[in-house]
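**Q** Residue numbers (this note's numbering): 1376 to 1639. Take a look at this one; I'll ask things after.
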Ligand SMILES: Nc1ncnc2c1ncn2[C@@H]1O[C@H](COP(=O)(O)OP(=O)(O)O)[C@@H](O)[C@H]1O
Ligand SMILES: [Mg+2]
């Protein structure tokens, strides 16, 4: 593994994110070591997606620092961070509806392309050698995820569980070192959940994972370490056992209005 910060790939310190008068993140810290699965949990509106947006460079935090492999990310945008090895999936699917499954995955392979994979899909600035290598890699990734038979389908025509796998394949095709998963289990069947748990543990052989998820069974099964957010603040951290036994965590969840299935 390349340079780390005190053994950590990613370290966020004192991260505060304000949207006008609303403080979505308040002095949040999180550390991710190589090969670990870190769970990020908390009620709806706690700030989980906002933290992902900060970690992936989509949002610049109002305060605080992010360090990736020993270097401050500062003003580094999402495109550069993706190239540097941070990949993510989105709450919901965020697949490109007018592109086939294979093209969607190719679009995630930007890290492997000199000219940029997206430009390759759109037919601009295509670099022939890149194009062959990336197409093969994308297809191999579809095979690895068991969805190669859908390569030439449009995602909207496929069952939701398959679309979720396409989103995962798109995030993994560039061999990221850190994978941020925002509610990958939402809308999946029990059997698909079991499969996802195995997949996430498998990912941790090759990369670190941060998992935002409401399915507690899944979180407790796959995570090495858990960070609990509530109203933008870290209210608990520790192993799954420690966090489950923490009364502050129970209070945060019981204080939440009836679960709405995690649609936010
Ligand atoms: N772009 C934004 N502008 C204004 N408020 C936002 C924005 N993004 C998120 N928020 C607010 O920040 C808080 C945290 O949201 P979010 O990170 O989506 O929570 P979670 O993912 O934990 O459900 C919520 O109150 C949400 O309404
Ligand atoms: Mg969210």
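Cβ atoms here follow ideal geometry from the backbone N, Cα and C, with glycine treated the same way. Predicted model, so just to flag it, every value in this text is computed and none were measured.
Confirm, please, whether the CB-CB distance from residue 1385 to residue 1517 is below 8 Å.
**A** No, the Cβ-Cβ distance between residue 1517 and residue 1385 is not below 8 Å.
**Q** Using the Cβ count rule (16 or more neighbours within 10 Å means buried), how would you classify residue 1427?
**A** It counts as buried.
**Q** Quick check: does the Cβ of residue 1613 come within less than 7 Å of any heavy atom belonging to ligand 1?
**A** No - ligand 1 has no heavy atom lying nearer than 7 Å to the Cβ of residue 1613.
**Q** What I want to know is whether the C-beta of residue 1397 ends up closer than 7 Å to one or more non-hydrogen atoms of ligand 1.
**A** The answer is yes for residue 1397.
**Q** Please state the DSSP three-state secondary structure of residue 1634.
**A** Confidence in residue 1634 is poor, its pLDDT being 45 and thus under 50, which makes the residue's placement unreliable; the coordinate value appears in the next sentence. Coil at residue 1634, not helix or strand.
**Q** How close, in whole Å, do the beta carbons of residue 1611 and residue 1621 come, if the pair is a contact with beta carbons under 8 Å?
**A** Residue 1611 to residue 1621, Cβ: 5 Å. Contact.
**Q** Verify the contact flag: residue 1531, CB atom, against every heavy atom of ligand 1, threshold strictly below 7 Å.
**A** No, Cβ of residue 1531 sits at least 7 Å from all heavy atoms of ligand 1.
**Q** On the three-state DSSP scale, how would you describe residue 1525?
**A** Correct three-state label for residue 1525: helix.
**Q** Hey, residue 1594 and residue 1416: beta-carbon distance below 8 Å or not?
**A** For residue 1594 and residue 1416, yes; Cβs fall inside 8 Å.
**Q** Look up residue 1394 in the DSSP assignment and say whether it is helix, strand or coil.
**A** Residue 1394: strand per DSSP, three-state reduction.
**Q** Any chance the CB of residue 1566 is under 7 Å from a heavy atom of ligand 2?
**A** No, the Cβ of residue 1566 stays beyond 7 Å of every heavy atom of ligand 2.
**Q** Taking only runs that begin and end inside the segment 1404-1481, name each unbroken alpha helix (DSSP H) of 4 or more residues, in chain order.
**A** Runs found: 1423-1430 and 1453-1459.
**Q** Please check the pair residue 1520 and residue 1543, which I expect to be a contact at CB under 8 Å, by giving their CB distance rounded to whole angstroms.
**A** Confirmed, Cβ separation roughly 6 Å.
**Q** Tell me whether residue 1577 sits in a helix, a strand or coil according to DSSP, three-state version.
**A** Helix at residue 1577.
**Q** Of all the options 1615, 1623, 1433 and 1510, which has the alpha carbon lying nearest to the alpha carbon of residue 1412?
**A** Nearest C-alpha to residue 1412: 1615.
**Q** Excluding sequence positions up to five away, which residues of its chain have a Cβ less than 6 Å from the Cβ of residue 1636?
**A** A caution first: residue 1636 carries a pLDDT of 42, below 50, which makes its placement in the model unreliable, though a value can still be read off. Result list for residue 1636: empty, nothing under 6 Å.
**Q** Between residue 1544 and ligand 1, is there a pair consisting of the residue's CB and a ligand heavy atom that are separated by less than 7 Å?
**A** No, since every heavy atom of ligand 1 falls outside the 7 Å radius drawn around the Cβ of residue 1544.
**Q** Let me know the secondary structure DSSP gives residue 1548 once reduced to three states.
**A** If DSSP states are grouped into helix, strand and coil, residue 1548 belongs with coil.
**Q** Could you check where the beta strand (DSSP E) with residue 1557 kicks off and where it finishes?
**A** Here the beta strand (DSSP E) through residue 1557 covers 1553-1557.
**Q** What is the C-beta distance between residue 1408 and residue 1382, in whole angstroms, given that I count them as a contact (C-beta under 8 Å)?
**A** So it is a contact: roughly 6 Å between Cβ atoms.
**Q** Tell me the DSSP secondary structure of residue 1614 in three-state form.
**A** Here residue 1614 sits in coil by DSSP.
**Q** Less than 8 Å between C-beta atoms, sequence neighbours within five positions excluded: which residues of the same chain meet that for residue 1453?
**A** For residue 1453, where only same-chain residues beyond five positions count, the Cβ hits under 8 Å are 1431, 1432 and 1433.
**Q** Report all residues from its chain with a CB closer than 7 Å to the CB of residue 1529; omit the five preceding and five following residues, and keep chain order.
**A** For residue 1529, where only same-chain residues beyond five positions count, the Cβ hits under 7 Å are 1472 and 1475.
**Q** Using only CA atoms, which one of 1442, 1567 and 1478 lies nearest to residue 1534?
**A** That would be 1567, whose Cα lies nearest to the Cα of residue 1534.
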